[in-house]
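Chains as they are written, first to last, in the numbering used here: chain A, 1 to 474; chain B, 1 to 95.
Here it is in structure tokens:
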């Protein structure tokens, strides 16, 4: 039997507001524990929540960016559960009347575009942080409690872990482009849960699904889903049944482990939040927010392909991150060849970022320095091969390419073979002078030396050049 | 009256340990509360919002401007047990 994988994602994104969703406490990551708290986020009796205007605007902008309908009127709801990360005993969320309704996101997998449905986007508050491994008890920090989140829910339209990865990356790119989330999965500012089920191909009904949580890296999502799809397939092939359960992804072991079964975990007893009025948004406000959207990844990708002549793959990779695309365009301002720049970023800059496990912000290489490096390849100062080494040193030392070439004596001229090539090309470019020299105009030797020196950016050995010239002109 | 099972279910969700006597007591009192809500349900509320009881404020939103939080000592003062500037709570997952 041939199986089809069906995946739906729930993505939580922390919004980059200054303050929490329902109170004026700061919502900053990394502040000292239990310093951002007040009666509202501590759930003290009598405290009343007041909604953060900016968080609403950010959620609406995301809705606009992925073609969601924006509800003129939406409601908040209480999701009740007892857990020590939630002082109030309930999370204020949205349930049956969320802020944003249906939308869609085109994804590209294997150079094919597919449109994935988005069920909706709602606003909710984050829970606090629990630390389990520092003390005999669990330790609770209220700082994150009440941080604004949007939850973006996809339709079960994804048919493979690769599609799920592409969807997640697509959502991440948009969140970054519109600057409402910094999308660092490792720090939890972007989180992803997945529902996954298998069904025999051609079957219309959905199979029993499992949920996977705790996938705290982008590739981790893909890996966890691959693992779970394999596990389900094995169970089904052996005649077993899939039980609806929740798994936690264990990244270090590369496997999922069943969550200790939480009895009644899904009995949240939602009811309308009595402390908050319905949220009303008028169409003019939505239109005004829509106007604030920048060029989005899909548009930028199209522009890179059509106007700059990039390959689809390169355009896709570059525009998947706003900062990477910005880096590309900034480099292009200093060097003319778009394909060349794209190639260097996709291959070498990304290699450095991945190898060093850094973000693009931590890159020491500037667009100007990359442009300069490419020019040095063009004028023959260095070979493309040594440029690969130089680009690593540019990152390591935070220096421009010329400084590194000097310090490392990496000019092609440092090996005599390369120097010979330069002298040869100088001669080839100046046939008239060569003829005159051979006819007896000995002073021209200094002209050739000068040309060869210029070609080596002044760092060739004049004696050697002289020797080579005498030999070759003989 | 609501039955014993329902009371125990709600108690479990609220992490409450009830004695047999309390189960009896709550099945009666929760039952009468539900009966009261059943009466309210029959009130004519067509076209009235579920959240209509709230005082209408012209502007129910807040600008994204930080206000000072409580001091850490104040934040932690009601915690039953404090460790390393955190609320110490019963361990909730196997460490």
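We treat Cβ as the ideally placed atom computed from N, Cα and C, and that holds for glycine.
What you are looking at is a predicted structure, and each value in this text was computed from that prediction instead of being measured.
Residues that residue i contacts on chain A, provided the C-beta gap is smaller than 8 Å
i             : result
residue 2(B)  : Ordered by position in chain A, no residue passes the 8 Å Cβ test against residue 2(B), which lies about 14 Å from the chain.
residue 66(B) : 18, 19, 24, 25 and 26
residue 76(B) : 34
Presumed contact (8 Å Cβ cut-off) between residue i and residue j, rounded CB distance
i              : j              : result
residue 204(A) : residue 244(A) : Contact doesn't hold; Cβ gap of about 20 Å is too wide.
residue 192(A) : residue 215(A) : 6 Å
residue 33(A)  : residue 85(B)  : 5 Å
residue 125(A) : residue 92(A)  : 5 Å
residue 364(A) : residue 201(A) : The Cβ separation is near 50 Å, so there is no contact.
residue 322(A) : residue 187(A) : In fact, because the Cβ distance is near 18 Å, the residues do not count as touching under 8 Å.
residue 38(A)  : residue 70(B)  : 6 Å
residue 315(A) : residue 174(A) : Contact flag wrong, Cβ pair sits at about 16 Å.
residue 25(A)  : residue 17(A)  : Not confirmed; about 11 Å, so no contact.
residue 55(A)  : residue 21(A)  : 5 Å
9 Å Cβ cut-off: residues of chain B touching residue i
i              : result
residue 45(A)  : Under the 9 Å cutoff, chain B gives no residues; its nearest Cβ is about 11 Å from residue 45(A).
residue 141(A) : 85, 86 and 87
residue 51(A)  : 60, 61 and 62
Cβ-based burial, residue i [other Cβ within 10 Å; buried from 16]
i              : result
residue 165(A) : buried
residue 154(A) : buried
residue 87(B)  : buried
residue 359(A) : exposed
residue 33(B)  : exposed
residue 455(A) : buried
residue 65(B)  : exposed
residue 386(A) : buried
residue 471(A) : exposed
residue 263(A) : Legend: pLDDT at residue 263(A) = 46, less than 50; position of this residue unreliable, no value from coordinates given.
residue 232(A) : buried
residue 95(B)  : Only weak support is given to the placement of residue 95(B): the predicted model assigns it a pLDDT of 39, under 50, and the value that follows is read from those uncertain coordinates. Label assigned to residue 95(B): exposed.
residue 250(A) : exposed
residue 102(A) : exposed
residue 146(A) : buried
residue 45(B)  : exposed
Closest Cα partner of residue i within the set the options
i              : options                           : result
residue 521(A) : 110(A), 62(A), 434(A) and 395(A)  : Given a span of 1 to 474 for chain A in the structure shown, any question on residue 521(A) remains unanswerable.
residue 449(A) : 474(A), 422(A), 367(A) and 436(A) : 422(A)
residue 24(B)  : 15(B), 39(B) and 8(B)             : 8(B)
residue 14(B)  : 141(A), 267(A) and 74(A)          : 267(A)
residue 276(A) : 51(A), 35(A), 242(A) and 71(A)    : 51(A)
residue 229(A) : 407(A), 197(A) and 332(A)         : 197(A)
residue 302(A) : 288(A), 291(A), 319(A) and 332(A) : 319(A)
residue 159(A) : 384(A), 29(A), 7(A) and 313(A)    : 7(A)
residue 75(A)  : 279(A), 219(A), 35(A) and 171(A)  : 279(A)
residue 331(A) : 149(A), 447(A) and 373(A)         : 373(A)
residue 349(A) : 333(A), 14(A) and 388(A)          : 388(A)
residue 269(A) : 79(A), 346(A), 247(A) and 442(A)  : 79(A)
residue 335(A) : 353(A), 307(A), 368(A) and 357(A) : 368(A)
Chain-ordered neighbours of residue i on chain B, where CB pairs are closer than 8 Å
i              : result
residue 137(A) : 81, 83, 88, 89, 90 and 91
residue 54(A)  : 63 and 64
residue 82(A)  : 13, 14 and 15
Chain B contact residues for residue i, given Cβ-Cβ distances below 7 Å
i              : result
residue 270(A) : Simply none; closest approach about 12 Å.
residue 267(A) : 13
residue 166(A) : In chain order: nothing, as chain B lies at least about 32 Å away.
residue 487(A) : Residue 487(A) lies beyond the range of chain A shown here (1 to 474); nothing can be said about it.
N- and C-terminal bounds of the alpha helix (DSSP H) containing residue i
i              : result
residue 132(A) : Taken as a continuous stretch (DSSP letters only), residue 132(A) belongs to no alpha helix (DSSP H), as it is neither H nor E.
residue 212(A) : Element bounds for residue 212(A): not the alpha helix (DSSP H) but the beta strand (DSSP E), 209-213.
residue 432(A) : 431-438
residue 220(A) : 218-237
residue 3(A)   : Per DSSP, residue 3(A) belongs to no alpha helix (DSSP H); it is in the beta strand (DSSP E), 3-14.
residue 297(A) : 297-308
residue 193(A) : Counting along the chain, residue 193(A) falls outside any alpha helix (DSSP H), though it belongs to the beta strand (DSSP E) covering 190-200.
residue 386(A) : 384-397
residue 258(A) : Unbroken run through residue 258(A) is the beta strand (DSSP E), 255-258; no alpha helix (DSSP H).
residue 355(A) : 350-356
For residue i, the first and last residue of its enclosing beta strand (DSSP E)
i              : result
residue 105(A) : 103-109
residue 92(A)  : 90-93
residue 320(A) : Looking at the DSSP string, residue 320(A) is not in any beta strand (DSSP E), and its letter there is neither H nor E.
residue 123(A) : 112-125
residue 53(A)  : Segment 53-65 is the alpha helix (DSSP H) holding residue 53(A); no beta strand (DSSP E) there.
residue 86(B)  : 86-89
residue 151(A) : 148-154
residue 248(A) : 246-250
residue 551(A) : Outside the shown range of chain A, which is 1 to 474, sits residue 551(A), and nothing can be said about it.
residue 160(A) : Per DSSP, residue 160(A) belongs to no beta strand (DSSP E) and is neither H nor E.
residue 17(B)  : No beta strand (DSSP E) holds residue 17(B); DSSP gives it neither H nor E.
residue 77(A)  : 77-80
Within chain A, the residues that residue i reaches when beta carbons sit closer than 9 Å
i             : result
residue 41(B) : Correct list: empty, because the minimum Cβ distance to chain A is about 14 Å.
Chain A residues whose Cβ lies nearer than 7 Å to that of residue i
i             : result
residue 70(B) : 37 and 38
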